[in-house]
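Chains as they are written, first to last, in my numbering: chain V, 1397 to 1738; chain F, 1397 to 1738; chain H, 1397 to 1738; chain R, 1397 to 1738. Written below as structure tokens is the structure these notes are about.
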């Protein structure tokens, strides 16, 4: 039976990409798309790539919730809590692509996002849904919080090494790079991005506590790490280069074994061979994550590079992956895209 | 029953893209990939995007033909004739993505490509396979010649207006622009393409007689047109802006009606509304062709702009579309890709 | 003696680029920069490339005029007339980079720009200042109207052939392509330009009557031509491909001779050899214009391609070139930039 | 008196860019350009941007040395030693843009480059010429070894903090990003770089010991650091994000003071304010280096980002800066380029 899905905040980049994936999902159909500012207008007016393919008009948030079994929320932070509350009350599945339910600690949420948890019961029902790390906890849940793009790439890169106790966790550095769609529709005009490259929000990006929260679960202890994002003049992709000091005895073989074992059954993880490095080019337009392992013997450092498509594995692809888990479908349903060579 | 397909010349850009499409076709499976220079090596060594997804080793041309029912040839011009001969003799379907069978007139072939027709019977069995224009002639054929990328975009743009006698055919100008993959793997290094733009092979490109051949079928008379290609610093896409003088009485309404009628049942043609213009961005990664119609009343000129993804509708997508027709499948099978917004 | 120059509308892309050139001019110094919305703020707050190099604060229009001998106006159309009036009344030189004084015929101005000539005497004193075509008329003038970017590239490409009577003028087609800075700061975000390409304002662009006006001076008769601009995902550059039917007897030799003769003393014109084509890459960051000549014998068509940097030869470079002429300086002063290879 | 300069290895990207700068230097003239493979051919055949501007033919290495007072060597590593030997013997100034004289320790050179020092006296006469750090040592020297691009950006970013003892030096991480010209002419075709991003030579890049060598001079003790370069799909620019643990008492004020003091008289250093980050866009096409300082209080980390144009400050601009110093000219001569806004 086809799943009826609705999208809140469908007119942003995330919504447009989610529509593209859901239209070819196979087991789901889009029942409604919601918008605050574009009610009555077609999504294909904003995204001409959809003309003739998806010309549904936007409706109100309540209308979306009414006619859907699964609701995806692509809303600015702070706005998902109320929507989630309604959906859960109505017995629907709520899949949040925003940040409202990512942090478990309200103090952290207040510090980094400036808001508070409106309903603590609701928050306690949410699951942080990075399937490769927390699949079992997702099954059976109704309030699904999808990780951010940087956290997805960073956590997949570092989790196995920390979980197996192979690296020190007191001085982790994550140097991350993202294409412009990571910032949504509001990024700068072409000529001011093109041929440029810079860091931004140095050591102040809101994804920092989220990454720490997940890696602390691997470490079973407090972690404070340094996270610096950069903006790349490309459309899609997040690339992370992660640095952590090796513990004594953490040989190349043990490191590799840890990752191979950890990800051996993961369809969407491509663990590269020695000498290869993760490249956003090789995962673009797919739900895959490339990971490469490097050891700097001179300095005793483990370097892990990872690459994802920020809009797919870093956002809507992972959201669909979570829907598949929750609805009991094959996790790959509608997600077996092959990255193109160019 | 699954169709067994083989690819000759699989290591070029065309081969790599064809593999990507065929792996998700649904009714076909790749039986073998062929190469002259890479026998015994995996395609995924050359195209790391395919790692873990398609790690088949390349074999010889004969080995490919032996185990396949349908053979796609992605070979440099001049090399398809012998391969076609073998395939046809063995009762296989041969789908050529090269230029060997595109021109019907051997004199033209000699003039523009410098070779001759090795087997005239073979050539007489070939069909020029642009489905939206010549669908009926493709059905039942075994030797399928796929159009070039520029011809696909140009012919789809101009055929209806000429067929309906709405424009003069004595001074047609086609100003075409292509992304770098149009030139295959041998194009210039990044820094020498990026931020550049120029015409090339001005009025000397080999696609010229091919476009003329098709448009003459619409006009029922001789056509000589001016064709100028340009290189764009983007990966994919062909955009054509076509200029033809309007005949007396060719009103905007009649022009639009002609195109609407001509393409009314065509899934892959997106005829734009007044005021819209074709953009390669809106068809990238799909088998679609966007067409927009413009009338310059001041000069009495019809201007048609068209846009395709040169690697899909301009190459492997159209080849698969032709396979679907020949094999009696739904023409859209494995081709219903939605262009992404970015 | 150093020339004191002022810039009106300095906060747009044109103003920022003009500042860059004037700071290294050698014979001029920037006395003031003007803005409506940014009075009291530094240009280097908006353009961080200028930090520490040019930190002057913006002042009002009147303040700019007061302290300058030469005023460059980088204003939206409609706003230059009043400023010009003030400057001319005060005995200053006014160099307009906008469109207010480009068209000589008020009816045309009304049709294409929707405004009227506020002061006919003022308009009669303006000179259309494309130095390579109208140098003598610029000398001694005080009200200088600089050509648009598309007109600069188009007129330089076609003027010699028309002037020498080598081509028919009844069916000229100009297919033009521009980088995003041609649209100023208001162009679309990166992800919606990047990897895209489309025509826009097909046969409706305001530069059309300007090109016609100049070419009519070469032809000594009425010209209506077809002009179609396209947007390229590059920062800088305008490339034009111009099509005109050859007259009888217009041989390749005569065509080449005409251009060589016409441009033989022009420092900023690079007339390419047979077989070469104009590329924006080879003129970027310079005041040069590349021109290549091509004859399509099959169709009797002359094809001329031209390339300029839209921000320099197509805008502020040409404006400085005009200042040099008016002020009696060597025309190359401050303009001998060499295009970089990459 | 004009300085006669010659260029060895003029046909690479470095040579082409050096020609562009030297032609507008003011106090130097290019006497000869050398090449192994292109003797008798014009540089402008390879670099069409130079057509009509610099059409000198390439000559042999010996011919270049004969007619020049200052010789710039843009040669692959291993080939500069012999050329330097000849030049020094002939009393000329030799400015090496390659790696042969950068490392002082022959063992390091052997380990990282696989060669040996052919002439130890010669090596002892060479000076590592990063003017902002070692200006006094450059004066009066004849054998000038210019730093690599990554080392220039990295050393300028970290030297002051280490020199003043404000950071620990045992776990420095440098995450560096470069445009494609850093790899010279041999980089991959457009479609295989564009929209991609990856690390390469992780912890194995030859610039590592060079950076360590310089920073050890600041620290007065042994340093082993982790260096990971990445390839960006842009033409020009190197961006480094450097991580070092703060020592106790190293407040934000002391850090800023150290950098302000260290660079207070440096024309080419743009030290950014709090909240700003270095962007390659803001230094492109110039000899400038942008540096921004960031403190991560949560982790006690100093983060310094730096940005240069790899072809200018990271290569030929710095070489010309060194020539200016050696020849007693104003250091800015021919180098006061302003980065464009786009």
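By construction, the Cβ of each residue, glycine as well, lies at the ideal position given by its N, Cα and C atoms. Given the structure is predicted, the values throughout are model-derived calculations rather than measurements.
Bridge-paired residues (DSSP) for residue 1641 of chain H:
Numbered from 1 along the third chain, position 245 holds the residue referred to as residue 1641 of chain H. Under the DSSP definition of a beta bridge, residue 1641 of chain H partners with H/1697.
Classify residue 1418 of chain R as helix, strand or coil using the three-state DSSP reduction.
For the purposes of this step, residue 1418 of chain R is taken as residue 22 along the fourth chain, with counting starting at 1. The answer is helix: DSSP assigns residue 1418 of chain R an H, G or I state.
Separation of residue 1592 of chain F from residue 1435 of chain R, as counted between CA atoms:
Counting from one through the fourth chain, the residue named residue 1435 of chain R turns up at place 39. Counting from one through the second chain, the residue named residue 1592 of chain F turns up at place 196. Whole-angstrom Cα-Cα distance: 28 angstroms.
Could one say the Cβ of residue 1445 of chain F lies closer than 7 angstroms to chain R's Cβ atoms, at least one of them?
Within the second chain, the letter at position 49 stands for residue 1445 of chain F. Interface annotation, residue 1445 of chain F: not in contact with chain R, CB-CB separation never under 7 angstroms.
Note down the Cα distance separating residue 1610 of chain R from residue 1564 of chain R, rounded to an integer number of angstroms.
Taking the fourth chain and counting its residues from 1, one reaches residue 1610 of chain R at position 214. Taking the fourth chain and counting its residues from 1, one reaches residue 1564 of chain R at position 168. Here the C-alpha atom of residue 1610 of chain R lies approximately 16 angstroms from the C-alpha atom of residue 1564 of chain R.
Which runs of the beta strand (DSSP E) spanning at least 3 residues fall entirely within the segment 1650-1712 of chain H, listed in chain order?
Scanning the segment 1650-1712 of chain H for uninterrupted beta strand (DSSP E) segments of 3 residues or longer gives 1665-1667, 1685-1692 and 1697-1704, listed from N- to C-terminal end.
Determine the direct distance from the alpha carbon of residue 1573 of chain R to that of residue 1605 of chain R, and round the result to whole angstroms.
Here residue 1605 of chain R refers to the residue found at position 209 when the fourth chain is read from its first residue. Here residue 1573 of chain R refers to the residue found at position 177 when the fourth chain is read from its first residue. Whole-angstrom Cα-Cα distance: 18 angstroms.
Residue 1553 of chain F versus chain H: which residues are under 8 angstroms apart at the beta carbon?
In the second chain, counting from the first residue as 1, residue 1553 of chain F sits at position 157. Within chain H, no residue comes near residue 1553 of chain F; the closest Cβ sits about 12 angstroms away, beyond 8 angstroms.
DSSP on residue 1488 of chain H, reduced to helix/strand/coil?
Working through the third chain from its first residue, we reach residue 1488 of chain H at position 92. Residue 1488 of chain H falls in the coil class under three-state DSSP.
List the residues that DSSP assigns as beta-bridge partners of residue 1622 of chain H.
In the third chain, residue 1622 of chain H corresponds to position 226, counting from 1. Paired residues: H/1569.
Under a CB-based cut-off of 7 angstroms, is residue 1631 of chain F close to chain R?
Position 235 of the second chain holds residue 1631 of chain F. Judged by the 7 angstroms Cβ criterion, residue 1631 of chain F is in contact with chain R.
The segment 1412-1427 of chain F / the segment 1707-1720 of chain F touching (three or more Cβ pairs under 8 angstroms):
They touch, by the three-pair rule.
When the Cα atoms are used, what is the spatial distance from residue 1575 of chain H to residue 1705 of chain H?
Start at 1 with the first residue of the third chain, and residue 1575 of chain H comes out as number 179. Start at 1 with the first residue of the third chain, and residue 1705 of chain H comes out as number 309. Rounded to the nearest angstrom, the two C-alpha atoms are 9 angstroms apart.
Count the CB pairs spanning the segment 1513-1520 of chain R and the segment 1466-1478 of chain R that are closer than 8 angstroms, and state whether there are at least three.
With a cut-off of 8 angstroms on Cβ pairs, the segment 1513-1520 of chain R is in contact with the segment 1466-1478 of chain R, counting three or more such pairs.
Can you find a CB in chain R that lies within less than 7 angstroms of the CB of residue 1416 of chain H?
Start at 1 with the first residue of the third chain, and residue 1416 of chain H comes out as number 20. It does; some Cβ of chain R falls within 7 angstroms.
Compute the Euclidean distance between the alpha carbons of residue 1687 of chain F and residue 1549 of chain F, then round it to the nearest angstrom.
As a working note, residue 1687 of chain F is residue 291 in the second chain. As a working note, residue 1549 of chain F is residue 153 in the second chain. So the alpha carbons of these two residues sit roughly 9 angstroms apart.
Tell me, to the nearest whole angstrom, how far the beta carbon of residue 1450 of chain H is from that of residue 1414 of chain H; I am working on the premise that it is less than 8 angstroms.
What you label residue 1450 of chain H is simply residue 54 of the third chain in a count that begins at 1. What you label residue 1414 of chain H is simply residue 18 of the third chain in a count that begins at 1. Their Cβ separation, rounded to whole angstroms, is 11 angstroms, which puts residue 1450 of chain H and residue 1414 of chain H out of contact at 8 angstroms.
For residue 1643 of chain V, decide whether its Cβ has a neighbour in chain R, counting only Cβ atoms nearer than 7 angstroms.
Taking the first chain and counting its residues from 1, one reaches residue 1643 of chain V at position 247. Not closer than 7 angstroms to any Cβ of chain R, the Cβ of residue 1643 of chain V fails to qualify, so no.
Please identify the residue among V/1445, V/1454, V/1499 and V/1636 whose C-alpha is closest to the C-alpha of residue 1428 of chain V.
As a position in the first chain, residue 1428 of chain V is number 32, starting the count at 1. Taking only the C-alpha atoms, the option nearest residue 1428 of chain V is V/1454.
Kindly say whether residue 1407 of chain V, judged by its beta-carbon, lies nearer than 7 angstroms to any beta-carbon of chain H.
Taking the first chain and counting its residues from 1, one reaches residue 1407 of chain V at position 11. Answer no: the Cβ-Cβ gap between residue 1407 of chain V and chain H never drops below 7 angstroms.
Hey, is residue 1470 of chain H's beta-carbon within less than 7 angstroms of any beta-carbon in chain V?
Your numbering for residue 1470 of chain H matches position 74 in the third chain. Closer than 7 angstroms: no.
Leaving aside the five residues before and after residue 1667 of chain F along the sequence, list all residues of the same chain whose C-beta is less than 6 angstroms from its C-beta, in chain order.
In the second chain, counting from the first residue as 1, residue 1667 of chain F sits at position 271. Sequence-distant Cβ neighbours of residue 1667 of chain F in its own chain, meaning closer than 6 angstroms and more than five residues away, are 1655, 1659 and 1687.
Nearest candidate by alpha-carbon position, reference residue 1499 of chain V, set V/1665, V/1603 and V/1430:
By one-based count along the first chain, residue 1499 of chain V stands at place 103. The residue among V/1665, V/1603 and V/1430 with its C-alpha nearest the C-alpha of residue 1499 of chain V is V/1603.
My output table needs one value for residue 1425 of chain V: the three-state DSSP class, helix, strand or coil.
For the purposes of this step, residue 1425 of chain V is taken as residue 29 along the first chain, with counting starting at 1. If DSSP states are grouped into helix, strand and coil, residue 1425 of chain V belongs with the strands.
Span of the alpha helix (DSSP H), counted from its first residue to its last, around residue 1459 of chain R:
Residue 1459 of chain R sits at position 63 when you count from the first residue of the fourth chain. Here the alpha helix (DSSP H) through residue 1459 of chain R covers 1457-1462.
What does the Cβ neighbour count give for residue 1750 of chain H, buried or exposed, with the cut at 16 atoms within 10 Å?
Here chain H has residues from 1397 to 1738 only, and residue 1750 of chain H is not among them.
The segment 1651-1681 of chain V: positions lying closer than 7 angstroms to chain R by Cβ
For the segment 1651-1681 of chain V, the set of residues with a beta-carbon nearer than 7 angstroms to any beta-carbon of chain R comprises 1673, 1674, 1675, 1676, 1677 and 1680, in chain order.
Quick one: which chain R residues come within Cβ less than 8 angstroms of residue 1577 of chain F?
Indexing the second chain from 1 puts residue 1577 of chain F at position 181. Those are 1587, listed as they occur along chain R.
Tell whether a beta-carbon distance below 7 angstroms holds between residue 1545 of chain H and residue 1586 of chain V.
Looking up residue 1545 of chain H in the third chain gives position 149. Looking up residue 1586 of chain V in the first chain gives position 190. 7 angstroms or more divides the Cβ of residue 1545 of chain H from the Cβ of residue 1586 of chain V.
In chain order, what are the residue ranges of uninterrupted beta strand (DSSP E) at least 3 long that sit wholly in the segment 1479-1567 of chain R?
List check, beta strand (DSSP E) in window: 1489-1492 and 1539-1541.
Using the beta-carbon count (16 or more within 10 Å), is residue 1398 of chain F buried or exposed?
Locating residue 1398 of chain F in the second chain gives position 2, where the first residue counts as 1. By the 10 Å Cβ count, residue 1398 of chain F comes out exposed.
For residue 1615 of chain F, the nearest candidate out of F/1509, F/1486, F/1551 and F/1738 (CA to CA):
Along the second chain, one-based indexing puts residue 1615 of chain F at 219. Nearest of F/1509, F/1486, F/1551 and F/1738 to residue 1615 of chain F, Cα basis: F/1551.
Would you say residue 1627 of chain H and residue 1608 of chain H are within 7 angstroms of each other, going by their C-beta atoms?
Position 231 of the third chain holds residue 1627 of chain H. Position 212 of the third chain holds residue 1608 of chain H. Judged by beta-carbon spacing, residue 1608 of chain H lies beyond the 7 angstroms limit of residue 1627 of chain H, meaning their Cβ atoms are not closer than that value.
From the beta carbon of residue 1550 of chain R, is the nearest beta carbon of chain V less than 7 angstroms away?
Reading the fourth chain from its first residue, position 154 is the one you call residue 1550 of chain R. False, the Cβ-Cβ gap to chain V never drops below 7 angstroms.
Under the rule that 16 or more other beta-carbon atoms within 10 Å means buried, what is residue 1677 of chain H, buried or exposed?
For the purposes of this step, residue 1677 of chain H is taken as residue 281 along the third chain, with counting starting at 1. Around the beta-carbon of residue 1677 of chain H, 16 or more other beta-carbon atoms lie within 10 Å, marking it buried.
Give the secondary structure of residue 1470 of chain H by DSSP, where H, G and I count as helix, E and B as strand, and everything else as coil.
The sequence position of residue 1470 of chain H within the third chain is 74, counting from 1. Note: residue 1470 of chain H maps to coil in three-state DSSP.
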